[in-house]
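Engineer:
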């Protein structure tokens with residue numbers, strides 16, 4: 026029996042003993058969500074919400090279950106519940122934008138924030154939401170302008186700095202992204218998101234040693250992050266350290282066998298040594 030199966034079993038028992046236990050239903054829903062049983066998860070979250078209707082976390086997870094089940098309008102309704110309780114909930118807004126895009130209504134997110142800004146032109150929350158909606162529509166330059174406006178008023182906003190850096194990466198401004206993530210780490214020196222994205226910026230700008238330093242800092246903070254090991258492996262290939270790269274990819278796959286970047290990176294490393302090598306799936 027797997028970890029999530031055990032969690033489902035234990036949560037089911039707890040709910041049977043106390044059907045008014047919202048935590049038990051929510052825990053069951055989370056385990057079902059992790060197993061990809063989205064409709065069943067949604068049913069569990071509904072049971073929890075029948076007991077407590079004001080939990081933003083349960084509404085958020087209900088939205089995730091409905092998003093996974095491709096019930097995009099249902100997901101939007103769930104995220105609206107989150108935002109009515111916690112208007113600054115960035116995760117709920119991000120997932121709502123995704124659901125709107127899946128319905129072909131991505132522009133609607135921008136219109137929503139425009140209406141909010143008509144009522145309160147100085148609202149940082151609405152500006153941040155608009156920037157995210159614009160970036161989801163690939164209107165990156167417009168989004169960047171708004172993030173800069175927000176940072177003029179709130180220069181220590183980590184979420185906005187992180188999003189700004191991602192936009193700079195997407196726009197090919199790698200040195201700008203590096204500087205932005207430096208600012209993040211001035212505020213939070215162990216911010217793993219900043220370390221990861223800055224590592225990408227270093228890699229794309231050809232600074233492979235610096236990129237490795239970032240990934241090794243991530244590994245020092247949490248050795249169990251598969252992606253840090255696979256990203257480190259790609260840098261090692263660029264530096265010609267092929268055996269070390271293979272070991273790094275092996276570690277990534279040990280931690281998470283489903284890491285496709287590590288699978289393909291390992292093949293790439295082997296091909297550097299043996300150009301005629303053909304992986305099993307290409308034979």
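Residue numbers (my numbering): 26 to 308. Ideal Cβ placement from N, Cα and C applies to all residues, glycine included.
1. Which runs of the alpha helix (DSSP H) spanning at least 4 residues fall entirely within the stretch 81-131, listed in chain order?
2. Does chain C have any CB closer than 8 Å to the CB of residue 108?
3. Let me know the alpha helix (DSSP H) ranges lying completely inside the stretch 225-304, each 4 residues or longer, listed in chain order.
4. Starting from residue 71, trace the alpha helix (DSSP H) both ways and give me its first and last residue.
5. First and last residue of the alpha helix (DSSP H) that includes residue 207?
6. Please state if the CB of residue 226 and the CB of residue 245 are separated by a distance shorter than 8 Å.
7. Distance check for residue 242 and residue 228, CA to CA, integer angstroms please.
8. Given a threshold of 16 other Cβ atoms within 10 Å of its Cβ, counted over all protein chains shown, does residue 268 qualify as buried or as exposed?
9. So the alpha helix (DSSP H) residue 52 belongs to, where does it begin and stop?
10. Please report the distance separating the alpha-carbon of residue 320 from that of residue 224.
11. Taking 8 Å as the cut-off, decide whether the C-beta atoms of residue 186 and residue 217 are in contact.
12. Could you name the residues of the same chain whose beta carbon sits closer than 8 Å to that of residue 207, not counting the 5 residues immediately before and after it, in chain order?
13. Measure the alpha-carbon distance for residue 161 versus residue 44 and round it to whole angstroms.
14. Assuming residue 120 contacts residue 74 under a Cβ cut-off of 8 Å, what Cβ separation, rounded to an integer in Å, is found between them?
15. Round the Cβ separation of residue 233 and residue 264 to the nearest angstrom and send it over; I've been treating them as touching at under 8 Å.
16. Quick one: Cα of residue 83 to Cα of residue 95, how far?
17. Please say whether residue 67 and residue 53 have beta carbons closer to each other than 8 Å?
18. Note down, in chain order, each residue of its chain lying with its Cβ closer than 7 Å to the Cβ of residue 256, except the 5 sequence neighbours on either side.
19. Determine the closest residue to residue 271 out of 258, 283, 281, with distance taken between C-alpha atoms.
20. How is residue 79 classed by DSSP in three states: helix, strand or coil?
21. Flag this pair as touching only if the stretch 153-172 and the stretch 134-143 have three or more C-beta atom pairs under 8 Å; answer yes or no.
22. Count the other C-beta atoms from every protein chain shown that fall within 10 angstroms of the C-beta of residue 144, then say buried if there are 16 or more, exposed otherwise.
23. Expressed to the nearest angstrom, what Euclidean distance is found between the alpha-carbon atoms of residue 26 and residue 57?
Structural biologist: In this structure, then:
1. Correct list: 81-93, 97-110, 115-127.
2. No chain C appears in this structure, which consists of one protein chain only.
3. Runs found: 233-246, 251-263, 267-280, 285-298.
4. For residue 71, the enclosing alpha helix (DSSP H) begins and ends at 63-76.
5. 199-212 is the span of the alpha helix (DSSP H), which, as asked, contains residue 207.
6. Annotated as distal: residue 245 and residue 226, with beta-carbon spacing of 8 Å or more.
7. Roughly 15 Å between the two C-alpha positions.
8. With fewer than 16 other Cβ atoms from the protein chains shown falling within 10 Å of its own Cβ, residue 268 counts as exposed.
9. That run of the alpha helix (DSSP H) goes 47-59.
10. The shown model of the chain, from 26 to 308, leaves out residue 320, and the question about it has no answer.
11. At a Cβ-Cβ threshold of 8 Å, residue 186 and residue 217 do not count as neighbours.
12. Cβ neighbours of residue 207 beyond the five flanking positions: 223.
13. The straight-line gap from Cα to Cα measures roughly 41 Å.
14. Cβ atoms of residue 120 and residue 74 stay farther apart than 8 Å, at about 17 Å.
15. Confirmed, Cβ separation roughly 5 Å.
16. Distance from the CA of residue 83 to the CA of residue 95, rounded to the nearest whole angstrom, comes to 18 Å.
17. The answer is no: Cβ separation not under 8 Å.
18. Excluding residues within five positions, the ones whose Cβ falls inside 7 Å are 224, 240.
19. When each option's Cα is compared against that of residue 271, the closest is 258.
20. Residue 79 falls in the coil class under three-state DSSP.
21. They touch, by the three-pair rule.
22. It is exposed - the Cβ of residue 144 has fewer than 16 other Cβ atoms within 10 Å.
23. Residue placement at residue 26 is flagged as unreliable, the pLDDT there being 45, under the threshold of 50; a coordinate-derived value is accordingly withheld.
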